[in-house]
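Novice: As they're listed, the protein sequences go chains X and U. Using numbering that gives the first Met the number 0, read the first sequence as starting at 0 and increasing by one per residue. Using numbering that gives the first Met the number 0, read the second sequence as starting at 0 and increasing by one per residue. Note that CB positions come from ideal geometry on N, CA and C, so glycine has one too. Computed from a prediction, not measured in an experiment: that's the story for all the values here. Let me give you the structure first, and then I'll get to my questions.
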Amino acid sequence: MTTTLLEESESVEAESDDGDASSEPFLITRTIADLIDDLGGIDPARIRIVPLPGTAIGADAEKYKCELIDGTLVRKDMAFDSYYIGAFLLSILFQFVESRKFGAVLGEAGFMELKPGLVQAPDVSFISWERIHSGTTPERGIPKLVPDLAVEVLSPGNTKAEMARKRREYFAAGVRLVWELQPKTRTAVVYTADDEGTSLGADASLDGVDVVPGFTMPLATIFGVLDNLSPA
Amino acid sequence: MTTTLLEEPELAEAESEDVAADCDASSEPAVDHRTLAELIDDLGGIDPARIRMVPPLGTGTVDDAEKYECELIDGTLVSKDMSFNAYLLGVFIAELFSTMIRKQNLGFTLGKAGFLELFPGTVRAADVAFISWARMPLRKRPGKGIPALVPDLCVEVLSPGNTKAEMKRKRGVCFTAGVRLVWEIDPETRTAVVYTADDEGTNLTAADTLDGRDVLPGFVLPLAELFAELDREAPESV
Chain X
0 MTTTLLEESE SVEAESDDGD ASSEPFLITR TIADLIDDLG GIDPARIRIV
50 PLPGTAIGAD AEKYKCELID GTLVRKDMAF DSYYIGAFLL SILFQFVESR
100 KFGAVLGEAG FMELKPGLVQ APDVSFISWE RIHSGTTPER GIPKLVPDLA
150 VEVLSPGNTK AEMARKRREY FAAGVRLVWE LQPKTRTAVV YTADDEGTSL
200 GADASLDGVD VVPGFTMPLA TIFGVLDNLS PA
Chain U
0 MTTTLLEEPE LAEAESEDVA ADCDASSEPA VDHRTLAELI DDLGGIDPAR
50 IRMVPPLGTG TVDDAEKYEC ELIDGTLVSK DMSFNAYLLG VFIAELFSTM
100 IRKQNLGFTL GKAGFLELFP GTVRAADVAF ISWARMPLRK RPGKGIPALV
150 PDLCVEVLSP GNTKAEMKRK RGVCFTAGVR LVWEIDPETR TAVVYTADDE
200 GTNLTAADTL DGRDVLPGFV LPLAELFAEL DREAPESV
């Protein structure tokens with residue numbers, strides 16, 4: 000009868016009694032390739048090594064004006080078209096939100112700490128007053144806020160894996176709606192959860208649903224500004 | 000006296016609240032913009048899978064290099080890249096070296112795990128290396144740990160993962176440390192380059208011969224013989 004008790008405790012101990020290799024944490028074999036992979040296979044020129052990957056904190060993100068993910072500072076990838084579309088969408092959304100006093104709209108320099116260790120600056124973001132009041136917007140330093148809506152305008156340097164990870168982090172932190180705009184095809188995908196996306200064709204419209212109630216904007220209008228860039 | 004006029008007016012305290020923290024140069028280093036791309040570039044554009052993150056970049060020591068069996072470059076541990084063919088040719092050459100070097104008791108032959116601290120904080124291992132007794136302090140065998148020794152002759156057998164930039168940097172390190180002769184052998188093209196300085200190379204083809212010159216006197220290996228090792232097949236069963 001008492002033998003059963005001894006057997007149980009023995010099996011628990013045996014687990015840790017492995018050879019040298021497994022007594023080392025798995026991190027030992029981690030390479031730069033693993034880091035780049037975790038960040039979504041992005042261009043290594045976007046990954047800062049000062050501070051050392053894995054050791055960066057919010058204050059570093061502010062100092063270097065980079066996004067912070069898993070202790071590593073990552074530069075945003077932007078292209079002219081993305082800036083341009085972002086600026087246009089920002090202006091429309093800003094006017095709409097401002098007139099209805101829903102909250103604040105920020106552009107791509109709007110770095111915020113969604114949760115400790117996660118600093119992001121969506122290309123355009125909307126934060127409701129409720130969330131602004133429950134977060135922090137210090138005079139200096141990165142605000143601690145979780146936007147209601149995060150808009151990402153894709154640029155050539157963004158990878159699928161990078162954006163998938165970003166969405167996971169957004170939704171885990173409490174973002175309610177994510178719009179991913181693709182200037183190349185003039186289409187978009189609307190996410191209400193990191194794996195629940197609805198594709199919008201070039202003739203469809205962005206809809207604020209219950210996050211920015213009443214806001215709709217045809218993608219053709221948004222991407223239409225790109226036509227200004229082509230010679231007449 | 001009018002000294003007051005000559006005196007510099009006292010500057011108001013410049014440290015107002017508006018001055019960004021960056022300007023406090025005394026406590027903060029200048030903003031460092033290094034990225035992973037630059038690190039990878041410095042290492043010769045090699046596969047990032049060869050660059051270890053543990054210990055943290057720039058903090059690796061010679062003991063770490065020994066523990067993880069990696070080269071140590073700028074405080075970063077980098078694993079050697081070695082294809083099977085490259086390994087085979089290394090063994091072939093090491094065997095010939097070893098026989099000669101042992102018979103004539105010239106020193107030691109090292110293989111691809113022959114890590115050496117060429118400079119303080121720089122640990123490298125050629126695929127095959129020869130170190131003469133003259134280069135060992137007091138002509139004694141090295142003790143524990145990675146020896147701080149510089150070989151006379153280094154042989155590198157290229158693998159697909161080796162880049163030109165990586166090998167050029169390695170040659171630079173070797174010659175600066177005092178290596179006298181470097182052979183770079185390419186199993187893919189079946190050619191070789193003989194270097195007597197990091198930018199002084201002589202191209203050899205499979206019709207040529209590797210010669211130890213005055214570094215390993217009497218060592219001669221026709222490249223055709225070396226590359227034939229790549230074509231060796233199983234014997235016909237009787």
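Helix, strand or coil: which one does DSSP assign to U/T162?
Specialist: The residue labelled residue 162 of chain U in the question sits at position 163 within the second sequence. U/T162 falls in the coil class under three-state DSSP.
Novice: Taking the straight line between their C-alpha atoms, what separation do you get for X/V177 and U/A48?
Specialist: As a position in the first sequence, residue 177 of chain X is number 178, starting the count at 1. As a position in the second sequence, residue 48 of chain U is number 49, starting the count at 1. Cα to Cα, the separation comes out at about 33 Å.
Novice: Identify which residue in X/G207, X/L180, X/S198 and X/V224 has its Cα closest to the Cα of X/D122.
Specialist: On the first sequence, position 123 is the one that residue 122 of chain X refers to. Considering only alpha carbons, the answer is X/L180.
Novice: By how many angstroms is the C-alpha of U/E187 removed from the C-alpha of U/G110?
Specialist: Along the second sequence, one-based indexing puts residue 110 of chain U at 111. Along the second sequence, one-based indexing puts residue 187 of chain U at 188. Approximately 21 Å, taken between the alpha carbons.
Novice: Just mark X/K64 as buried or exposed, buried being the case when its beta carbon has 16 or more other beta carbons within 10 Å.
Specialist: By 1-based counting over the first sequence, the position of residue 64 of chain X is 65. X/K64 is exposed by the Cβ-count criterion.
Novice: If we ignore side chains and look at the alpha-carbon of each, how far apart do X/R29 and U/V149 end up?
Specialist: Here residue 29 of chain X refers to the residue found at position 30 of the first sequence. Here residue 149 of chain U refers to the residue found at position 150 of the second sequence. If you take the alpha carbons of X/R29 and U/V149, they lie about 30 Å apart.
Novice: Out of U/A36, U/R33, U/G44 and U/T34, point me to the one whose CA is closest to U/N161's CA.
Specialist: As a first step, residue 161 of chain U is located in the second sequence; it is residue number 162 there, counting from the start. Minimum Cα distance to U/N161 is reached at U/G44.
Novice: List, in chain order, every chain U residue whose beta-carbon is nearer than 7 Å to that of X/D59.
Specialist: Walking along the first sequence from the start, residue 59 of chain X turns up at place 60. The contacting residues do not exist; X/D59 stays about 11 Å from chain U at best.
Novice: For a test of the three-state rule: what should DSSP assign to U/E155, helix, strand or coil?
Specialist: If you number the second sequence from 1, residue 155 of chain U lands on position 156. Looking at U/E155 - three-state DSSP - the assignment turns out to be strand.
Novice: At a CB-CB cut-off below 9 Å, which residues of chain X make contact with U/L71?
Specialist: Here the question's residue 71 of chain U lines up with position 72 in the second sequence. The premise fails here: U/L71 is roughly 15 Å from chain X at the closest Cβ pair, so nothing lies under 9 Å.
Novice: In terms of residue numbering, what span does the alpha helix (DSSP H) encompassing X/F93 cover?
Specialist: Along the first sequence, one-based indexing puts residue 93 of chain X at 94. Here the alpha helix (DSSP H) through X/F93 covers F79 to R99.
Novice: On the DSSP letters alone, give me the boundaries of the beta strand (DSSP E) that U/F91 sits inside.
Specialist: If you number the second sequence from 1, residue 91 of chain U lands on position 92. Taken as a continuous stretch (DSSP letters only), U/F91 belongs to no beta strand (DSSP E), being part of the alpha helix (DSSP H) at F83 to K102.
Novice: Compute the Euclidean distance between the alpha carbons of U/D21 and X/D147, then round it to the nearest angstrom.
Specialist: Counting from one through the second sequence, the residue named residue 21 of chain U turns up at place 22. Counting from one through the first sequence, the residue named residue 147 of chain X turns up at place 148. Confidence in U/D21 is poor, its pLDDT being 43 and thus under 50, which makes the residue's placement unreliable; the coordinate value appears in the next sentence. Using only the alpha carbons, I get a separation of about 32 Å.
Novice: Any Cβ of chain U within less than 9 Å of the Cβ of X/I48?
Specialist: Along the first sequence, one-based indexing puts residue 48 of chain X at 49. Judged by the 9 Å Cβ criterion, X/I48 is in contact with chain U.
Novice: Under 7 Å Cβ to Cβ from U/R168, same chain only, skipping five residues before and after it: list those, please.
Specialist: What you label residue 168 of chain U is simply residue 169 of the second sequence in a count that begins at 1. Within the same chain, U/R168 has close Cβ partners G43.
Novice: Just verifying my parser: in three-state terms, what is the DSSP assignment at U/D185?
Specialist: Residue 185 of chain U sits at position 186 when you count from the first residue of the second sequence. It is a strand residue.
Novice: From the beta carbon of X/A32, is the nearest beta carbon of chain U less than 9 Å away?
Specialist: On the first sequence, position 33 is the one that residue 32 of chain X refers to. Yes, X/A32 counts as interfacial toward chain U.
Novice: Identify the continuous beta strand (DSSP E) that holds X/V118 and give its terminal residues.
Specialist: Position 119 of the first sequence, counted from the start, is the residue given in the question as residue 118 of chain X. Start and end: L117 to Q119.
Novice: Can you give the beta carbon distance from X/A60 to X/I126, rounded, assuming they're within the 8 Å contact cut?
Specialist: Here residue 60 of chain X is taken as the residue at index 61 of the first sequence, counted from 1. Here residue 126 of chain X is taken as the residue at index 127 of the first sequence, counted from 1. Rounded, the Cβ-Cβ distance is 18 Å, inconsistent with contact.
Novice: Could you name the residues of the same chain whose beta carbon sits closer than 7 Å to that of U/N84, not counting the 5 residues immediately before and after it, in chain order?
Specialist: In the second sequence, the residue the question calls residue 84 of chain U occupies position 85. Closer than 7 Å at the Cβ level, and outside the excluded window around U/N84, lie P186 and L229.
Novice: Here's the rule I'm using: 16 or more other beta-carbon atoms within 10 Å means buried, otherwise exposed. How should X/E138 be labelled?
Specialist: Locating residue 138 of chain X in the first sequence gives position 139, counting from the first residue. Exposed, by the Cβ-count rule.
Novice: Show which residues of chain U have a CB atom less than 7 Å away from the CB atom of X/L51.
Specialist: Here residue 51 of chain X corresponds to residue number 52 of the first sequence, with the count starting at 1. Residues of chain U passing the Cβ test: P55 and L56.
Novice: Find the nearest neighbour of U/V214 within the set U/P221, U/G120, U/M99 and U/E65, judged by alpha-carbon distance.
Specialist: As a working mapping, residue 214 of chain U is identified with position 215 in the second sequence. Nearest of U/P221, U/G120, U/M99 and U/E65 to U/V214, Cα basis: U/M99.
Novice: Starting from U/V61, follow the alpha helix (DSSP H) in both directions and report where the run begins and ends.
Specialist: Counting from one through the second sequence, the residue named residue 61 of chain U turns up at place 62. Note, U/V61: alpha helix (DSSP H), V61 to Y67.
Novice: Are there 16 or more other CB atoms within 10 angstroms of the CB of X/S124, so buried, or fewer, so exposed?
Specialist: Counted from its first residue, the first sequence places residue 124 of chain X at position 125. With 16 or more other Cβ atoms within 10 Å, it is buried.
Novice: In whole angstroms, what is the alpha-carbon distance linking U/E116 and U/A227?
Specialist: The residue given as residue 116 of chain U occupies position 117 in the second sequence. The residue given as residue 227 of chain U occupies position 228 in the second sequence. Cα to Cα, the separation comes out at about 34 Å.
Novice: How about the segment 107-115 of chain X and the segment 215-231 of chain X: do they share at least three Cβ pairs that are nearer than 8 Å?
Specialist: Touching, no.
Novice: In whole angstroms, what is the alpha-carbon distance linking X/V174 and U/A191?
Specialist: Counting from 1 along the first sequence, the entry for residue 174 of chain X is found at position 175. Counting from 1 along the second sequence, the entry for residue 191 of chain U is found at position 192. Taking the straight line joining both Cα atoms gives about 59 Å.
Novice: Tell me, which residues are paired with X/W178 by DSSP?
Specialist: Along the first sequence, read from residue 1 onward, the residue named residue 178 of chain X stands at position 179. According to DSSP, which records beta bridges pairwise, X/W178 is partnered with X/V150 and X/V189.
Novice: Can you check whether the C-beta of X/P212 is within less than 9 Å of a C-beta belonging to chain U?
Specialist: Start at 1 with the first residue of the first sequence, and residue 212 of chain X comes out as number 213. Output row for X/P212: interface = no.
Novice: How many Å lie between U/K163 and U/R170 at the Cα?
Specialist: Walking along the second sequence from the start, residue 163 of chain U turns up at place 164. Walking along the second sequence from the start, residue 170 of chain U turns up at place 171. Taking the straight line joining both Cα atoms gives about 11 Å.
Novice: For the 8 Å Cβ check, are there 3 or more pairs between the segment 197-205 of chain U and the segment 66-78 of chain U?
Specialist: Verdict: no, contact absent.
Novice: Measure the C-alpha to C-alpha separation of U/S26 and U/D151 and round it to an integer number of angstroms.
Specialist: Position 27 of the second sequence holds residue 26 of chain U. Position 152 of the second sequence holds residue 151 of chain U. Here U/S26 scores only 47 on pLDDT, less than 50, and its place in the model should not be relied on; the value that follows carries that caveat. Using only the alpha carbons, I get a separation of about 46 Å.
Novice: Going by beta carbon distance, what residues of the same chain come within less than 7 Å of X/I91, once the five residues before and after it are set aside?
Specialist: Locating residue 91 of chain X in the first sequence gives position 92, counting from the first residue. Answer for X/I91: M216, listed in chain order.
Novice: For X/K72, which residues does DSSP report across the bridge?
Specialist: Along the first sequence, read from residue 1 onward, the residue named residue 72 of chain X stands at position 73. Lys is not the amino acid found at residue 72 of chain X; the sequence shown has Leu there. DSSP lists X/L67 as partners of X/L72.
Novice: With 9 Å set as the bound, which would you pick, yes or no: does the beta-carbon of U/A36 sit closer than that to a beta-carbon of chain X?
Specialist: Reading the second sequence from its first residue, position 37 is the one you call residue 36 of chain U. Yes, its Cβ sits closer than 9 Å to a Cβ of chain X.
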